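Its first residue numbered 598, the sequence shown is counted upward by one per residue in this note's numbering.
Below is one structure, written out as structure tokens; comments come after it.
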Amino acid sequence: MITETTSSYVGEIENWQQKMESDLRAPDSWLALVGLEPLKTGDNTIGSGSDCDAHLPDSVPAQIGTITVQDKVVTMRPSDASIKIDGVSVIIGQTYTVNDNQHDGEMPLINVGSVTFFVIERDGDFFVRVRDANSPTRVNFNGRKWYPVDPAYRVKATFTPHSTKHPVSVENSKGLVSILQNVGYAEFELLGETRRLEAFEPSSGNKLWFIFRDATSGKTTYGAGR
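Below, the structure written as structure tokens:
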């Protein structure tokens with residue numbers, strides 16, 4: 598029997614699925630991600646050329662500038678007039694700060710044609726994250742296939758905070774290790790058994806973050822987790 602509450606829950610999940618589809622089709626989505634280039638301390642040339650320290654897609658000129666890492670601050674000196682930073686055309690030879698290690702998530706976006714990149718910091722190291730709106734993965738995306746919504750997996754949990762945060766090392770699919778703060782756990786009943794999930798502090802906002810795997814985690818269903 599489908600109740601109004603169940604119908605509302607299914608509708609809520611389906612709306613979330615539609616938003617996920619829309620987000621994945623955006624030109625700056627994860628499907629547009631084409632590279633993660635490490636930066637060394639000092640000067641790093643950047644462009645599509647094989648001799649560049651940081652490589653960009655072939656649609657970009659062979660070399661478009663130099664990125665410098667010094668004292669936890671990253672700057673860029675463009676050598677190509679087609680570059681825009683946060684939508685504004687650059688002045689060749691001028692130095693622009695592209696990451697000051699203080700405002701992760703608010704880094705300047707550097708654009709060359711269909712390619713956009715920015716500098717991120719992870720545990721003291723800097724990387725160039727590269728996206729291409731013309732990425733074949735994004736362009737050829739045919740949509741996700743979803744498991745049917747099962748209201749039996751809608752649960753109410755009790756959250757218990759830890760007395761102090763616990764740092765946990767988590768390795769991502771690229772082999773990079775991040776430190777997450779474990780702030781407590783959520784406990785709930787599911788299919789007649791008591792379950793418990795550890796909760797992590799969000800990087801932004803006020804919603805807790807959970808990482809777990811189940812029987813649906815596979816090669817084509819993101820095996821790393823849920």
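C-beta atoms are modelled at their ideal positions from N, C-alpha and C, and glycine is treated no differently.
Predicted model, so just to flag it, every value in this text is computed and none were measured.
Near the ligand ATP: residue i beta-carbon under 8 Å from a heavy atom
i, result
"P705", "No copy of the ligand ATP occurs in the structure displayed, which carries no ligand at all."
Integer-rounded CB distance, given that residue j should sit under 8 Å from residue i
i, j, result
"F714", "L653", "7 Å"
"N696", "V671", "4 Å"
"R726", "L787", "Incorrect: roughly 36 Å between the Cβ atoms, too far for contact."
"V687", "P675", "4 Å"
Range of the contiguous alpha helix (DSSP H) that encloses residue i
i, result
"V657", "Counting along the chain, V657 falls outside any alpha helix (DSSP H), and DSSP gives it neither H nor E."
"P745", "Note, P745: premise wrong, no alpha helix (DSSP H); not H, not E."
"V736", "733-736"
Chain-order list of residues whose beta-carbon lies under 6 Å from that of residue i (same chain, five-residue window excluded)
i, result
"N641", "D650, A651, I664"
"I717", "F724, R726"
"W806", "F797, P799"
"G710", "S656"
Segment limits, beta strand (DSSP E) that includes residue i
i, result
"R829", "Residue 829 lies beyond the residue range present for the chain, which begins at 598 and ends at 823; the question has no answer from this structure."
"V631", "630-636"
"P624", "Here P624 belongs to no beta strand (DSSP E), and DSSP marks it neither H nor E."
"N739", "N739 -> no beta strand (DSSP E), and no H or E assigned at all."
"A783", "774-787"
Contact set for residue i: own chain, Cβ-Cβ below 8 Å, skip 5 residues either direction
i, result
"D625", "T713, R728, A730"
"T603", "P748"
"T755", "A783, E784, F785"
Beta-bridge pairing of residue i - partner residues as DSSP gives them
i, result
"I664", "N641, M673"
Residues near residue i by beta carbon distance below 7 Å, same chain, minus five either side
i, result
"I599", "Any reading at I599 needs caution, since the residue's pLDDT is 45, under 50, leaving its predicted position unreliable; the model's value is listed next. Excluding sequence neighbours, I599 sits near nothing in its chain."
"G644", "L653, V657, P658, A659, Q660, I661"
Evaluate the contact criterion for the segment 656-663 versus the segment 744-761: three or more CB pairs, one atom per stretch, below 8 Å.
Under the Cβ criterion (8 Å, minimum of three pairs), the segment 656-663 does not count as touching the segment 744-761.
Three or more C-beta pairs under 8 Å: does that hold for the segment 615-633 against the segment 734-743?
Verdict: yes, contact present.
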